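Participant: One structure, pasted below without further comment.
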Amino acid sequence: MAAVGVLTLYRTTIGKKVAMAVSGMIGIGFLLFHLYGNLKVYQGREAFNAYAEGLRTLGEPVFGYSHLLWVARLVLLTALVVHVVSAVQLTRIDWAGRPKAYARKKHLHTSYAARTMRWGGAIILLFITYHLLDLTFGVVNPGYVPGDVYRNFVASFQNPLTAAFYILANLMVGLHIYHGGWSMWYTLGLSDYRWSPIFRGLATVIALVIAVGNISFPLAVLTGVVR
Ligand code: HEM
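The opening residue of the sequence shown carries number -1 in my numbering; numbering runs sequentially from there.
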């Protein structure tokens, strides 16, 4: 019964927006955890590699090797698919409802962040694909050694082009979280004006922490702080 209710809600525009908000929240939760874990790179090779191994032994002995990690991966992948599919469907609905051609392209009541949500999202999707090929599968990382996550991290950012791409992508990630985190409160019906400054402040702080933290990694390798 509950599943039917969720599917019926999903068919509506507001249902798709709720799906975007919930899957987006899962993504933000992951990014905060991912940043927290990656900060161990500043403690050195051993601490960072122990963290990466800890991800795989998480939940032992109740769970087998990598099993809990796979549960997390499945949740994340589902959230990503829901987020992207809903975004594409909402964009189609938006375009279908638009008058044929504008005499002049106007951006009324939209901020820079709001306008960049769609193409920014596409860049982030491209980044995630490259990122997995780089640090999880190693196929685009010339210095890749399975099991030595620290080495792979450093080898990746020693290439200034890769480092620049990571910096650009994480700027987009920050902007995406800022706008998405903020508009989510409207979707979820929490837009009471008394709370607005708090939600906007929260979205700003989370976006800044994730963007600044993530951008610090390629910069740390480029400047030799991490090597
Ligand atoms: C400069 C910023 C980032 C750095 C340095 C970084 C670093 C890493 C590293 C080292 C791994 C491999 C971990 C391991 O095998 O144990 C990894 C995996 C991953 N990263 Fe990132 N990451 C960054 C940003 C991001 C962002 C912005 C996203 C998502 C939008 C993301 C999504 C992922 C995912 C999905 C995995 C695969 C996890 C798994 O299945 O094991 N990362 N990252």
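Quick reminder that beta carbons are idealized off the backbone N, C-alpha and C, glycines included. Note that this is a predicted model, so its numbers are computed, not measured.
#1: Go to residue 92, then tell me how far its alpha helix (DSSP H) extends in each direction, as first and last residue.
#2: By how many angstroms is the C-alpha of residue 13 removed from the C-alpha of residue 2?
#3: Just mark residue 166 as buried or exposed, buried being the case when its beta carbon has 16 or more other beta carbons within 10 Å.
#4: Three-state secondary structure (DSSP) at residue 169?
#5: Please list the terminal residues of the continuous alpha helix (DSSP H) segment that includes residue 14.
#6: Out of curiosity, what's the CA-to-CA distance linking residue 55 and residue 190?
#7: Decide if residue 173 is buried, meaning its Cβ has at least 16 other Cβ atoms within 10 Å, or exposed.
#8: Is it the case that the Cβ atoms of residue 84 and residue 17 are separated by a distance below 8 Å?
#9: Give me, in chain order, the residues of the same chain whose beta-carbon lies closer than 8 Å to that of residue 137; leave out the 5 immediate sequence neighbours on both sides.
#10: Rounded to the nearest angstrom, how far is the Cβ of residue 218 from that of residue 210, given a contact under 8 Å?
#11: Contact between the region 18 to 34 and the region 200 to 209 is defined here as three or more beta-carbon pairs at a separation below 8 Å; is this criterion met?
#12: Let me check understanding here. Comparing Cα to Cα, which of 183, 89, 21, 123 lies closest to residue 164?
#13: Give the single residue among 57, 162, 45, 171 whose Cα lies nearest to the Cα of residue 117.
#14: What is the DSSP secondary structure of residue 207, reduced to helix, strand or coil?
#15: Leaving out five residues before and five after residue 228 in sequence, what residues of the same chain have Cβ atoms less than 7 Å from its Cβ?
#16: For residue 160, I'd like the list of residues in its chain whose CB is within less than 8 Å of its CB, leaving aside the five on either flank, ordered along the chain.
#17: Can residue 22 and residue 182 be called in contact, C-beta distance under 8 Å?
Facilitator: The answer reads as follows:
#1: 65 to 94
#2: 13 Å
#3: exposed
#4: helix
#5: 11 to 36
#6: 44 Å
#7: buried
#8: yes
#9: 131
#10: Not quite, the Cβ-Cβ distance comes to about 12 Å (not below 8 Å), so this is no contact.
#11: yes
#12: 123
#13: 171
#14: helix
#15: Past the boundaries of the shown model lies residue 228; the chain is included only from -1 to 225, so the question cannot be answered.
#16: 132, 154, 216
#17: yes
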